[in-house]
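In this note's numbering, the protein residues as written are 8 to 103.
Data block below; observations after.
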């Protein structure tokens, strides 16, 4: 990692900001504090193009350029992704 880069984990919404016709070509992540991270469209970042309007958790490196944050994604997961084991009923009722 370069001195001008910061490792970061951010949660937010994937929002398109550049198109070629109907095709989304660039996305940014907007966190709960309205900070914007423009996603580099390479590697894992390219995969985020498919998840416009989804909420995600993203890990990567961030650098500032011309007053904007640019993020190279190393890992991400959908925050609203269904976890098949999270809500499995064990057959017993909770007592109150």
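We put the beta carbon where it would ideally sit given N, CA and C, even for glycine.
Starting from residue i, trace the beta strand (DSSP E) both ways and give me its first and last residue.
| i | result |
| --- | --- |
| residue 67 | 62-72 |
| residue 38 | 30-38 |
In angstroms with no decimal places, state the Cα-to-Cα distance between residue i and residue j.
| i | j | result |
| --- | --- | --- |
| residue 29 | residue 56 | 12 Å |
| residue 72 | residue 34 | 16 Å |
| residue 80 | residue 14 | 10 Å |
| residue 53 | residue 46 | 8 Å |
For residue i, which residues in the same chain have their Cβ closer than 8 Å to its Cβ, ignoring the five residues on either side in sequence?
| i | result |
| --- | --- |
| residue 38 | 17, 18, 19 and 44 |
Can you look up residue i in the DSSP assignment and give me helix, strand or coil?
| i | result |
| --- | --- |
| residue 57 | helix |
| residue 51 | helix |
| residue 76 | strand |
| residue 43 | strand |
Can you list, in chain order, the residues of its chain with a C-beta nearer than 7 Å to that of residue i? Leave out the 5 residues immediately preceding and following it.
| i | result |
| --- | --- |
| residue 84 | 63 and 64 |
Under 6 Å Cβ to Cβ from residue i, same chain only, skipping five residues before and after it: list those, please.
| i | result |
| --- | --- |
| residue 22 | 35 and 37 |
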